[in-house]
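Visitor:
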Amino acid sequence: MTKSFKTFLKHTAKDYHNQSVNPPVVRASTIIFKSMQDIRKTQDKAKKDPTGGHFDYGRQGTSTTHILSKILKTMEESHHVFLTPTGFGAVFLAIFSVVRPGDEIIVADPTYTPTRILTQDFLKEFNIKTTFYDPHNLKTLEKNISKKTKLIFVENPGSNSFDFQDLGKILSIAKKNKVLTAIDNTWGTPYFLKPIKLGFDMSIVSATKYYSGHSDVMGGSLAVNKKVFKDVDKANKVTGLRLGPDDAYLITRGLRTLDIRLDKHEKNSKEVANFLSKYKNIKLLYPHKKDSLNFRMWKKYYSGASGLMGLKIKSKNKNSVIKFVNSLKLFGYGYSWGGFESLALYQDKREQGNRQYLKLANDEHLVRLHIGLEDPKDLIDDLKKCLKLIK
Ligand SMILES: Cc1ncc(COP(=O)(O)O)c(C=O)c1O
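Each residue of the sequence shown is one higher than the one before, starting from 134 at the first, in the working numbering.
#1: Please give me, in chain order, every unbroken run of the beta strand (DSSP E) with length at least 3 that falls completely inside the stretch 437-502.
#2: Check whether the Cβ atoms of residue 523 and residue 453 lie closer than 7 Å to each other.
#3: Using 8 Å as the cut-off, can you tell me whether the stretch 221-233 makes contact with the stretch 307-320, which would need three or more C-beta pairs spanning the two stretches below that distance?
#4: Relative to the C-alpha of residue 398, which residue among 324, 170, 142 and 366 is closest?
#5: Work out the CA separation of residue 361 and residue 214 for me, nearest whole Å.
#6: Cutting at 7 Å between CB atoms, please list the residues of its own chain near residue 436, excluding the five before and the five after it.
#7: Using the C-alpha atoms, what's the distance from residue 468 back to residue 322?
#8: My output table needs one value for residue 266: the three-state DSSP class, helix, strand or coil.
#9: Measuring only the C-alpha atoms, how far is residue 295 from residue 147?
#10: I'd like the list of long-range same chain contacts for residue 283, defined as Cβ closer than 8 Å, with 5 residues on each side in sequence excluded.
#11: What do you reckon, is the C-beta of residue 229 under 6 Å from a heavy atom of ligand 1?
#12: The beta strand (DSSP E) with residue 354 in it runs from where to where?
#13: Just curious, the alpha helix (DSSP H) that residue 336 is in, first and last residue?
#14: Take every Cβ of the stretch 437-456, pair it with every Cβ of the stretch 497-513, and state whether three or more of those distances are shorter than 8 Å.
#15: Looking at the unbroken beta strand (DSSP E) that takes in residue 416, where does it start and where does it end?
#16: In the DSSP assignment, the alpha helix (DSSP H) including residue 227 goes from what residue to what residue?
#17: Below 8 Å on the Cβ atoms is my contact criterion, and I expect residue 342 with residue 471 to pass it. Report the Cβ-Cβ distance as a whole number of Å.
#18: Is the Cβ-Cβ distance between residue 263 and residue 240 less than 7 Å?
#19: Which full runs of the alpha helix (DSSP H) of 4+ residues lie inside the stretch 355-397, going along the chain?
#20: Is it right to say residue 497 is buried, meaning 16 or more other beta carbons lie within 10 angstroms of its own, or is it exposed?
#21: Report the option in 385, 185, 179 and 336 whose CA atom is closest to the CA atom of residue 210.
#22: Leaving out five residues before and five after residue 375 in sequence, what residues of the same chain have Cβ atoms less than 6 Å from its Cβ?
#23: Quick one: give me the first and last residue of the alpha helix (DSSP H) that residue 275 is part of.
#24: According to DSSP, simplified to helix, strand and coil, what is residue 179?
#25: What's the gap between the Cα of residue 423 and the Cα of residue 301?
#26: Considering only heavy atoms of ligand 1, does any lie closer than 6 Å to the CB of residue 439?
#27: Just to confirm, is the Cβ distance from residue 511 to residue 463 under 7 Å?
#28: With distances taken between CB atoms, is the gap from residue 306 to residue 340 smaller than 7 Å?
#29: With 16 as the cutoff for other CB atoms within 10 Å, does residue 334 come out buried or exposed?
#30: Looking at the unbroken alpha helix (DSSP H) that takes in residue 286, where does it start and where does it end?
#31: Touching or not, the stretch 446-461 and the stretch 483-492, by the rule of three or more beta carbon pairs under 8 Å?
#32: Going by DSSP, name the residue or residues bridged to residue 239.
#33: So, are the CB atoms of residue 381 and residue 198 less than 7 Å apart?
#34: Which of the three DSSP states is assigned to residue 213 in this structure?
#35: Taking Cβ to Cβ, would you say residue 229 is nearer than 7 Å to residue 368?
#36: Does the Cβ of residue 371 have 16 or more other Cβ atoms within 10 Å, making it buried, or fewer, making it exposed?
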C-alpha cells in the first residue's frame with residue numbers, strides 16, 4: 134500500500150492492459166477457458182489460493198468484483214472481504230456462517246431493525262436464541278453469555294439512538310468467553326474505524342451508503358479475519374450471495390472520493406451540531422459534547438465522525454415535531470443514507486423496533502438527520518426556520 138490511504142484510493146485499480154484509469158466492467162456467467170486443462174489449472178489455483186480471484190463460474194465473481202474486494206481488504210486490513218448484493222446480505226452472511234441450531238447469540242439492543250427481526254424472530258425458528266444487551270451497561274452482555282453463546286453482534290453506533298460502546302471491553306469479554314464477534318461498521322466505515330485490526334472477527338459495511346455515495350447502488354461487504362475465513366467462504370458458496378459487476382464498478386468509483394466526502398460530511402455535521410447544541414429542547418445524539426460518555430467512547434476508537442445523527446427532541450406536541458421535519462426544504466424524506474444529499478426522518482415505533490433498553494418518555498421524540506455535502510450555512514438556515522415550529 135502507498136504511504137497515505139487517501140493516495141491509495143486515487144491510484145489503485147488502474148488498468149494499463151485496457152489503458153483505462155478505472156477497471157472495466159467484466160460481466161460473465163460463463164467464464165471461458167481455452168481448454169479443459171486450463172479449467173483444472175484455475176480450480177487448482179483456487180484451492181491453493183482461495184482469496185486470489187481464481188474463478189471458474191460467474192457466481193464466484195469476475196475481475197471487477199475481485200478488484201473491489203482487494204481494495205476493501207486493504208482498507209479494512211483484513212484477511213479477506215466478501216461482497217454481497219446488499220448490506221443486509223452481509224449481516225445475514227456473517228450470522229449464517231457461524232451460528233447453528235442450538236447456539237445462542239447476543240446482539241446490541243440498538244441494532245438496525247431488520248437485523249433485530251432476523252436475530253430475534255427468524256433465528257428462533259431454527260432453535261437459535263437471541264438476547265440483547267444494553268450498549269451502555271456491558272454487565273447485561275456478560276450476564277447473558279452461556280456455554281452455548283457463539284456470537285456477539287455489535288452495531289456501533291447503535292441505529293437511531295447513536296450509542297457509542299466500549300468496543301475494547303466487548304472484545305475482551307468475548308475473548309475471555311471464547312465467543313466470536315461481528316460488528317456493523319456502516320456508520321464509521323474503515324476510514325474512521327478498523328474493526329478487524331481492533332480484534333473483531335467480522336466487520337460489515339453497507340456499501341449502499343458512503344462507499345457508493347450517490348444513493349443509486351446497493352451492496353455490502355463482509356471483512357473477515359483468518360479464523361473465520363473458511364466458515365464464511367463455505368457459507369458464501371452455498372448462499373449464492375453475489376454482487377453484480379455493474380454495482381461493483383460503481384462502488385469502486387465511489388471509493389475514489391470516499392475520504393473527501395467523509396471529511397466534508399464530518400465538517401458539515403460538526404457545524405450543524407454546533408448550531409443544534411444551542412437548543413435546550415434538543416439532545417444531540419452525535420459525538421459532539423466533550424464531557425459525554427458517547428464522546429469519550431467515540432474518541433477512544435474512531436478517527437472521525439460521519440454525517441448521520443439523531444436529535445432527541447422534547448415536546449408534548451408530537452405533531453409539531455412532525456411539522457418541523459415536514460417543513461424542511463433541503464432535507465429529503467426517505468430511508469437509507471450516506472449519499473451526497475441531506476435527509477430527515479421522524480423515527481416512529483416502526484423505525485425503533487422492539488427495543489428493550491430505549492428509554493423514551495412520551496414527550497421525547499427521535500429525529501434522524503443525514504448531513505449531506507450541501508453548504509452547511511443553507512442547511513442551518515433551513516433548520517433554524519423549521520425548528521420554530523416545535524411547540
Ligand atoms: C446500520 C445499517 N446496517 C445495515 C444496513 C443494511 O444495508 P442495505 O440497505 O445495503 O441492505 C443499513 C441500512 O439502512 C444500516 O443503516
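We put the beta carbon where it would ideally sit given N, CA and C, even for glycine. What you are looking at is a predicted structure, and each value in this text was computed from that prediction instead of being measured.
Guide: By the coordinates alone:
#1: 441-447 and 476-480
#2: yes
#3: yes
#4: 324
#5: 12 Å
#6: 325
#7: 19 Å
#8: strand
#9: 38 Å
#10: 231, 232, 233, 236, 237, 238, 312 and 313
#11: no
#12: 353-357
#13: Segment 335-339 is the beta strand (DSSP E) holding residue 336; no alpha helix (DSSP H) there.
#14: yes
#15: 415-418
#16: 220-231
#17: 3 Å
#18: yes
#19: 359-372 and 378-388
#20: exposed
#21: 336
#22: 192
#23: 272-275
#24: helix
#25: 20 Å
#26: no
#27: yes
#28: no
#29: buried
#30: Looking at the DSSP string, residue 286 is not in any alpha helix (DSSP H); the run it does join, the beta strand (DSSP E), is 282-288.
#31: no
#32: 264 and 285
#33: yes
#34: strand
#35: yes
#36: exposed
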